[in-house]
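Q: These protein sequence lines map, in sequence, to chains A and B. If you read the first sequence in numbering that gives the first Met the number 0, its first letter stands for residue 0, the second for the next number, and so on. If you read the second sequence in numbering that gives the first Met the number 0, its first letter stands for residue 0, the second for the next number, and so on. All C-beta atoms, glycine included, are put in the ideal place defined by N, C-alpha and C. Predicted model, so just to flag it, every value in this text is computed and none were measured. Below is a structure I'd like to ask you about.
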Amino acid sequence: MAPATRLALLIGWIGYALMPWYLVEGMSLTSLGWLSEYPFGKAGSALALSFSGQTPWLLPVGVALGLATAFIASQDRPLVARALIWAGLVGIVLFFAQGFAITLKDQGIPWLAALVGAAGAAQPGVGGGAFLTLLGLLLLLCHGLAYRGICRGDLFTTSAIGVVILLIGLFIFFPVSIILKSALVDQNGALAPSAFIARFLDSSIWGLGCVTSNTNCGVAWNTLILAVLCGVITTVLGLACALLILRTGMPGKRIMRALTVLPIITPPFVIGLALILLFGRAGAVSTLLYEWFAIPRSRWLYGLPGVLLAQVLAFAPIAFLVLIGVVQGISPSLEEASQTLGARRWQTFRTVTWPLLKPGIANAFLLGFVESMADFGNPLVLGGNYEVLATKIFFAVVGASYNQGQAAVLAVILLAFTLGAFWVQQRWLGDKSYTTVTGKGDAGLPTPLPRRITWLSATLILPWVALTVVIYAVIVVGGFVRNMGRDFTPTLEHYRTGFAIDFSNGIFFEGSAWSSFFTTVKVAAISAPLTAGIGLLTAYLLTRQRFRGRGMLEFATMLSFAIPGTVLGVAYILAFNVPPVEITGTGLILVIAFVFRNMPVGVRSGIAGLSQIDKSLDEASTTLRARSFTTLWRVVLPLLKPALVSALVYSFVRSMTAVSAVIFLVSAEYNLATAYIVGRVEAGEFGLAIAYSSVLIVFMTFGIGVIQLTVGERKLGRRTRIATIAAPAPAPAVG
Amino acid sequence: MAKAGPASVEFRNVSMRYGAVTAVDNVNFTIKAGELVTLLGPSGCGKTTTLRMIAGLEIASEGQILIGGKDVTKLSAADRDVSMVFQSYALFPHMTVLENAAYGPTVKGLSKADAARMALEKLELVGLKGFEGRYPSELSGGQQQRVAVARALVLEPQVLLFDEPLSNLDAKLRRRVREEIRELQQDLNLTVAYVTHDQEEALAVSDRIIVMSNARIAQQGAPRSLYEEPADAFVADFIGDANLVDVTVRKVAGGHADVSIGSVTVSLPARGLAPGPARVAIRPEALLIGEAGKPGALPGKIRKCAYLGNHLDIMVETEVGELFVVQYGAREMLEPGLPVTISFASSGLTLIPSA
Chain A
0 MAPATRLALL IGWIGYALMP WYLVEGMSLT SLGWLSEYPF GKAGSALALS FSGQTPWLLP
60 VGVALGLATA FIASQDRPLV ARALIWAGLV GIVLFFAQGF AITLKDQGIP WLAALVGAAG
120 AAQPGVGGGA FLTLLGLLLL LCHGLAYRGI CRGDLFTTSA IGVVILLIGL FIFFPVSIIL
180 KSALVDQNGA LAPSAFIARF LDSSIWGLGC VTSNTNCGVA WNTLILAVLC GVITTVLGLA
240 CALLILRTGM PGKRIMRALT VLPIITPPFV IGLALILLFG RAGAVSTLLY EWFAIPRSRW
300 LYGLPGVLLA QVLAFAPIAF LVLIGVVQGI SPSLEEASQT LGARRWQTFR TVTWPLLKPG
360 IANAFLLGFV ESMADFGNPL VLGGNYEVLA TKIFFAVVGA SYNQGQAAVL AVILLAFTLG
420 AFWVQQRWLG DKSYTTVTGK GDAGLPTPLP RRITWLSATL ILPWVALTVV IYAVIVVGGF
480 VRNMGRDFTP TLEHYRTGFA IDFSNGIFFE GSAWSSFFTT VKVAAISAPL TAGIGLLTAY
540 LLTRQRFRGR GMLEFATMLS FAIPGTVLGV AYILAFNVPP VEITGTGLIL VIAFVFRNMP
600 VGVRSGIAGL SQIDKSLDEA STTLRARSFT TLWRVVLPLL KPALVSALVY SFVRSMTAVS
660 AVIFLVSAEY NLATAYIVGR VEAGEFGLAI AYSSVLIVFM TFGIGVIQLT VGERKLGRRT
720 RIATIAAPAP APAVG
Chain B
0 MAKAGPASVE FRNVSMRYGA VTAVDNVNFT IKAGELVTLL GPSGCGKTTT LRMIAGLEIA
60 SEGQILIGGK DVTKLSAADR DVSMVFQSYA LFPHMTVLEN AAYGPTVKGL SKADAARMAL
120 EKLELVGLKG FEGRYPSELS GGQQQRVAVA RALVLEPQVL LFDEPLSNLD AKLRRRVREE
180 IRELQQDLNL TVAYVTHDQE EALAVSDRII VMSNARIAQQ GAPRSLYEEP ADAFVADFIG
240 DANLVDVTVR KVAGGHADVS IGSVTVSLPA RGLAPGPARV AIRPEALLIG EAGKPGALPG
300 KIRKCAYLGN HLDIMVETEV GELFVVQYGA REMLEPGLPV TISFASSGLT LIPSA
C-alpha cells in the first residue's frame with residue numbers, strides 16, 4: 000500500500016471516528032456549546048454513534064473502511080487492489096444507500112431503510128465527518144483502480160477523476176434529476192405523469208392568445224420571441240462593430256475594447272435599472288419629453304421593448320467579443336487571392352468574407368439566444384406583464400402561489416430550450432468553423448470594407464454606443480443625485496444609507512448594505528479559487544489524460560454551461576432542502592452554487608490555456624520521474640498562469656454579479672449584494688440600488704487588479720515562443 | 000547514488016491498439032545492454048509508439064515489456080528508469096537551463112545543491128558550461144538539443160530514448176550531433192533506443208536497426224546486413240535506393256540460383272527461394288553501363304542523365320523497365336537516346352520473394 004493510500008485511509012477514519020458526522024446547527028469555532036455531548040449527541044462521530052446504538056446503519060460504512068485497513072501492510076499489489084476496490088465501492092454504495100433511505104421522518108426510501116435495518120428512523124443532513132468519510136472511501140476506490148493499472152497506474156490522476164465525477168454528480172446531476180423528478184410527481188409526491196402532461200400543456204405556457212385574441216401569449220412563446228430578437232439584434236450590432244473596428248480606419252478601437260469589459264463587471268439587471276431611470280414613467284428622458292414636447296408619460300418600457308433593449312445593451316458586447324475573434328481569424332490572404340482573381344471589394348465580401356463569417360455569426364446568435372433565455376434580472380425589473388420562463392419559475396417558487404411542480408415543469412422547458420440551442424451549437428457548428436489561425440505568418444492586409452457596408456454598420460452602432468455611454472453615465476450619476484429624473488440635487492444620501500460607517504464607538508458598519516456586501520465578498524473570495532482549481536483540474540484531466548468515460552465527463556461539464564441559473568437555483572433548493580444534504584440557508588450552499596455555476600468557465604479557460612502548452616512538456620516531466628501531481632504543480636501550472644488569472648477573475652466577478660441562481664438560495668443571514676439590490680429596486684429605492692451597483696463595479700475592478708498582481712506573470716525568458724494567439728473566448732455568461 | 004548501469008529492453012508479443020486502429024502489432028525484439036538500436040521506418044509505422052511504450056508513456060494493450068529482465072509492462076513512466084529526449088526537446092520554457100537539467104533530481108527529492116551539482120556535471124559533458132542561467136528560448140536549436148540530452152542523462156537512466164532528436168536541426172549540424180550522440184553513448188556505455196525516419200542517420204549511428212512497416216517489424220539486424228541482404232522489397236527500397244525488377248528463377252543448386260533478368264542470366268545466392276517468379280533488388284551502383292552491343296548484357300537506351308557533383312544519376316530504358324543507375328567519379332555526361340548496355344556487378348544484387 001502506497002503512503003498516499005494510507006493517507007486516504009487516515010482521511011476516511013478521521014471523518015468516521017473523529018469528526019461530527021452530521022451538520023450541526025449553530026456550529027462555530029468561537030463558542031463550542033454545540034460540541035457539549037461529543038463524541039455522542041448531535042455532534043457525535045459515526046463510530047461513537049454506531050456503537051452506542053443511535054445510528055447502527057452507519058456501522059457497515061465503518062466495516063468497509065476496516066476492510067481496507069486490514070491490508071495496510073500488504074505488499075501484494077493485485078490483492079490490495081482488489082481489497083481497495085471492493086471496500087471503496089461497497090462503502091460508497093452503503094453510504095448513499097443509508098443517506099437516501101433514511102432522511103426525515105416518513106420520507107426517504109422506506110424499503111431501503113428497512114433493508115439497512117433502520118425502518119422508521121430519521122437522521123439530519125450529513126456534515127464534515129460524512130464528507131471526509133466519503134472522500135476517503137472514494138480515494139481508496141480510485142487508488143485500487145490505479146493499482147490495477149488504470150490511467151497508467153497514477154494515483155493522483157485516478158483520484159482527481161474520481162473526485163471531479165463525484166462533485167459533478169452530486170452538485171449538477173443530482174439536483175437536475177431532482178427537478179425532473181419533481182416535474183413528474185404531484186403535490187403529494189406520488190408519480191403522476193398525467194399531472195405532468197396537464198402542467199406541461201398549460202395554456203399559460205403554450206397559449207397563443209396574442210395571435211388569436213387580445214390576451215397574452217404563453218410564457219414559452221414570450222421567451223422564444225425575446226430570445227430570437229435578442230440573438231438577432233446583438234449579432235447584427237456585434238458584427239457591425241467588429242467589421243468597423245477591424246476593417247476600417249475607425250478610431251476608438253481601445254474604447255470599444257474597454258466597453259466590452261463593462262458588461263462583464265456589470266450586474267445583469269443594472270442596465271434595466273438605468274433604463275428605468277431614463278425612460279420609465281418618471282425617468283429623465285420621459286420627463287424631458289413631457290415638459291418640452293408634451294409627449295405623455297407611458298409605460299412602454301415595461302414589457303417586451305424594455306426587456307429587449309436592456310438585454311441587447313447587456314449582451315451585444317459579448318457578441319462583439321465573439322465576432323471580433325471570427326473576423327480576425329479570416330486570413331487576409333484569402334481575400335487578397337479573391338482580389339487578384341479579379342473580384343471587386345463587394346464581390347469579395349459577398350463570395351469570400353461573408354461565407355467564412357457565417358459559422359461565427361450563427362455562434363454569436365446562439366450565444367445571444369441562450370443569454371436572453373437565461374437572463375433573469377432584466378425581465379424581473381422591466382418585464383411588467385410580459386412574463387418569461389426565468390421570472391415565472393421564480394414566482395412559482397417564491398410567490399404567493401407556491402407551486403413546486405409548476406416551477407419544475409417550467410424549469411424543464413427552459414432547460415430543454417437552452418440545451419437544444421447548446422446542442423445545435425455543438426453538433427452543427429462544432430466543426431464548421433472555417434476560420435483558421437495557422438502558425439504560418441500571414442503577411443496579407445485585410446481588405447477594406449465595401450462602402451455601403453461601412454455606412455450601414457456605422458448607422459447601426461452609433462445609437463447603441465451612444466446609449467451605452469448614457470447608461471453608464473446614469474449609473475455613475477444616479478447614485479449621487481436625490482432622485483434621477485425628478486430631482487437632480489447632488490447628494491451623498493444614498494451612499495450614506497448603504498455604506499455609512501459609525502466611528503464614534505470604534506468602527507461600526509452602520510449602512511444597510513454592509514452585511515450583504517461583506518457576505519458577497521466573502522462568498523466570492525472563497526468560491527473563486529475553488530472554481531478555478533476544480534475547473535483547471537478538470538480541464539487538465541480532459542485534455543491530458545486518457546480514461547474511459549472521458550467523453551462523458553467532457554459532455555457533463557459542457558452541459559453545465561447550458562443550465563440557466565434559475566434552473567440551477569430551483570434545482571438546489573429542491574435537492575438540498577432535505578437530508579442527506581441539507582444546506583439551504585447556509586453560506587455553504589452559496590459557495591457551492593457559485594463553484595458549480597462558474598466551473599465551466601474555469602474548464603474552458605483551462606482547456607484554452609492547456610492547448611497552448613505542448614504535451615511533450617508533461618511527458619518530459621514524467622520520464623524524469625515526476626508524478627502527475629508534481630508535473631501539474633511544477634510544469635503545467637506555472638505555464639497556465641494566464642488561464643488561472645482569467646478563471647479567477649471570471650469566477651470572482653460572476654460570483655459578485657450573479658443573481659438568477661442565488662436569488663433562491665439567499666437567506667436573511669446570508670444575503671448577497673445582487674439580491675439586496677433587486678430588493679431595493681422592487682421597493683422603488685432606485686438611488687440606493689444604483690449607488691450599490693456602482694460600488695460593486697468599482698470593487699470588482701479593484702479585485703481584478705489584486706488577482707492579477709497576486710498570481711503574477713509567467714516568465715519565459717526574452718523570446719517568448721508560446722505566443723498567446725487568441726485570448727480565451729469569452730464565456731457565455733448564462734445569467 | 001548507486002548507478003544502475005545500462006539495462007536490456009525486451010518486447011514480447013507487444014501490441015498497441017487505439018480503438019480499431021492497431022499502431023503496433025505483435026512486436027518482438029531485444030535491445031542488449033549498452034547497445035544503440037534504431038527504430039527506423041516511414042511515418043505512421045509505429046516506431047514512435049514503440050519508443051513511447053518503452054518509456055511508459057503508452058501502456059501496451061497486449062504483451063510484455065521487460066527492462067533489465069524486470070517486467071515493467073504496467074509500470075507508469077515515472078516508475079521506470081528510462082529517460083527520453085523529445086523531438087521538440089520539451090524544455091520547460093519557464094525554467095533556466097540549470098533548472099531544466101536539475102529537474103529530475105529535484106522532483107526526486109534531492110537537495111538543491113546536489114541536484115545542481117549533478118546537472119552541472121552533465122551540462123559540462125554536453126559542452127554547455129556557462130549557459131546555466133539562460134532560458135531555453137535564449138538558446139539556438141543545437142544548444143536546446145544538448146540541454147535536452149543533458150537533462151535526460153542527469154538521472155543516469157538504465158535506458159535512454161531519442162525520438163527523432165535531429166529533425167529540428169539543419170543538415171550540417173545533424174551530422175555533427177549524431178556523431179556526438181554516438182560518442183556519448185559509447186563513452187558512457189548507455190543502452191539507447193533511437194527513433195528516426197532517416198535511413199542514412201540510422202546506418203551511421205546504430206549497432207542494430209529495427210525496420211518497421213505497417214505496425215510490424217519488417218527486418219532487424221546490423222546496418223550492413225540490412226543494406227546487403229534486405230528481407231523484402233520494402234526494406235530494400237527503404238534503406239538505400241534499389242531497382243526492384245521482376246525476374247524468373249530458373250534453377251536452384253547448392254544454395255545458388257540461376258536467375259533470368261530479361262535476356263541475361265546471373266547466378267545469385269538463392270536465399271531459400273524455389274524456381275519460379277521472384278524479384279531482385281539491384282542497388283544503383285551495382286549496375287554498370289557499357290557500350291552498345293556488348294554480349295551478356297542488357298541492351299538499353301539512356302533516358303536522362305543528371306550531374307550531382309561527385310556522381311551522375313542516370314535513368315536507362317531497358318527491356319525489364321526503367322533502371323536507375325549511379326556512376327561515381329568524374330564521368331562524361333551521357334546524351335539521352337544513346338544506346339548502351341547494362342551489366343551487373345558481383346555484389347549489390349539481392350534475390351527477394353515476389354510481392
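When the Cα atoms are used, what is the spatial distance from A:THR352 to B:GLY299?
A: Their backbone Cα atoms lie some 58 Å apart in a straight line.
Q: Indicate the three-state DSSP secondary structure (helix, strand or coil) for B:ASP281 in the structure shown.
A: The sequence given here places Ile at residue 281 of chain B; Asp does not occur at that position. In the structure shown, B:ILE281 sits in a strand (DSSP, three-state: E or B).
Q: Assuming contact is defined by CB atoms lying nearer than 7 Å, are A:LEU616 and A:VAL634 in contact in what I supplied?
A: The answer is yes: Cβ separation under 7 Å.
Q: Looking at the C-beta of B:ILE58, does it have a partner C-beta in chain A at a distance below 7 Å?
A: Yes, contact with chain A.
Q: Per DSSP, what kind of secondary structure is B:TYR193 in: helix, strand or coil?
A: B:TYR193 falls in the strand class under three-state DSSP.
Q: Look at A:ALA281 and A:ARG485 and say whether their C-beta atoms are less than 7 Å apart.
A: In contact: A:ALA281 and A:ARG485 (Cβ atoms closer than 7 Å).
Q: So, at 7 Å on beta carbons, what are the nonlocal neighbours of A:PHE364 in its own chain, with the 5 sequence-adjacent residues on each side left out?
A: Correct list, in chain order: GLY230, VAL231 and THR234.
Q: Looking at C-alpha atoms only, which residue of A:LEU9, A:GLU370, A:ASN504 and A:TRP85 is the closest neighbour of A:ALA561?
A: Of the candidates A:LEU9, A:GLU370, A:ASN504 and A:TRP85, the one whose C-alpha sits nearest the C-alpha of A:ALA561 is A:GLU370.
Q: Taking the alpha-carbon positions, what's the A:GLN327 to A:SER692 distance?
A: Rounded to the nearest angstrom, the two C-alpha atoms are 34 Å apart.
Q: Considering only C-alpha positions, which residue in the set B:TYR134, B:SER224, B:PRO229 and B:PHE91 is nearest to B:ALA372?
A: What the structure shows of chain B is the stretch from 0 to 354, and residue 372 of chain B is not part of that stretch, so it cannot be assessed.
Q: What are the residues of the region 634-657 of chain A that lie near chain B, defined by any Cβ-Cβ distance shorter than 8 Å?
A: Cβ contacts with chain B come from VAL634, PRO637 and LEU638.
Q: When you compare each of A:PHE94, A:ILE167 and A:ARG543 to A:LEU609 by their alpha carbons, which one comes out closest?
A: It is A:ARG543.
Q: Chain B partners of A:GLY148, CB-CB under 8 Å?
A: Simply ILE58 and LYS73.
Q: Whose C-beta lies closer than 6 Å to the C-beta of B:PRO338 among residues of the same chain, with five residues either side of it excluded?
A: Hits under 6 Å: ALA291 and LYS300.
Q: For B:PHE343, list the residues DSSP reports as bridge partners.
A: B:PHE343 is bridged to B:LEU286.
Q: Identify which residue in A:PHE394, A:PRO358 and A:ALA574 has its Cα closest to the Cα of A:VAL423.
A: The shortest Cα separation from A:VAL423 among A:PHE394, A:PRO358 and A:ALA574 belongs to A:PRO358.
Q: Does chain A have any CB closer than 7 Å to the CB of B:HIS93?
A: With 7 Å as the cut-off, B:HIS93 counts as an interface residue toward chain A.
Q: Rounded to a whole number of angstroms, what is the C-alpha to C-alpha distance between A:GLY52 and A:PRO266?
A: Each residue's Cα considered, the two are about 52 Å apart.
Q: What does B:LYS107 reach in chain A if we use C-beta pairs closer than 7 Å?
A: Those are ARG624, listed as they occur along chain A.
Q: Are the beta-carbon atoms belonging to A:LEU139 and A:ALA194 less than 7 Å from one another?
A: Taking 7 Å as the Cβ cut-off, A:LEU139 and A:ALA194 do not qualify as a contacting pair.
Q: Could you tell me which of A:LEU179, A:THR350 and A:ALA7 sits nearest to A:SER158, measuring between CA atoms?
A: Answer by Cα proximity: A:ALA7.
Q: Checking contacts by CB at 7 Å: is A:LEU144 closer than that to chain B?
A: Taking Cβ atoms only, chain B never reaches closer than 7 Å to A:LEU144, which makes this a no.
Q: Run through the region 214-243 of chain B for me and flag every whole alpha helix (DSSP H) of 4 or more residues, listed as ranges in chain order.
A: Counting whole runs of 4 or more residues, the region 214-243 of chain B contains the alpha helix (DSSP H) stretches 222-227 and 232-237.
Q: So, is A:ARG426 buried or exposed, given that buried needs 16 or more other C-beta atoms within 10 angstroms?
A: Counting Cβ neighbours within 10 Å, A:ARG426 comes out exposed, since fewer than 16 surround it.
Q: Determine the direct distance from the alpha carbon of A:TYR37 to that of B:LEU152, and round the result to whole angstroms.
A: The alpha-carbon atoms of B:LEU152 and A:TYR37 are separated by roughly 57 Å.
Q: If we ignore side chains and look at the alpha-carbon of each, how far apart do A:VAL473 and A:CYS216 end up?
A: Going by the C-alpha atoms only, they are around 33 Å apart.
Q: Beta-carbon of B:TYR193 versus every beta-carbon of chain A: anything under 7 Å?
A: Cβ-Cβ to chain A under 7 Å: no for B:TYR193.
Q: Return the first residue and the last residue of the beta strand (DSSP E) that B:LYS300 is part of.
A: Taken as a continuous stretch (DSSP letters only), the beta strand (DSSP E) holding B:LYS300 covers 297-306.
Q: Would you mind working out which of B:LYS31, B:LEU267, B:THR49 and B:ALA32 sits nearest B:LEU39, comparing C-alpha positions?
A: Nearest of B:LYS31, B:LEU267, B:THR49 and B:ALA32 to B:LEU39, Cα basis: B:THR49.
Q: Return helix, strand or coil for A:GLY438, following the three-state DSSP convention.
A: The predicted position of A:GLY438 is uncertain, since its pLDDT is 42 and thus under 50; a value taken from the coordinates is nonetheless stated next. Correct three-state label for A:GLY438: coil.
Q: Sorted by chain position, which residues of the same chain lie with C-beta nearer than 7 Å to A:PRO192's C-beta, five sequence neighbours on each side aside?
A: Only LEU183 meet the Cβ criterion.
Q: May I ask you to list the residues that DSSP assigns as paired with B:LEU322?
A: Note: B:LEU322 sits in a beta bridge opposite B:VAL315.
Q: Within 7 Å of any Cβ in chain A, is that where the Cβ of B:GLY67 sits?
A: No, no contact with chain A.
Q: Taking the beta strand (DSSP E) that B:THR349 falls in, what are its first and last residues?
A: Element bounds for B:THR349: 348-351.
Q: Going by beta-carbon coordinates alone, are A:THR530 and A:VAL594 separated by less than 7 Å?
A: Yes, these two residues count as a Cβ contact at 7 Å.
Q: Check whether chain B comes within 7 Å of A:ALA159, counting only Cβ atoms and requiring the distance to be less than that.
A: So no, A:ALA159 is outside the interface.
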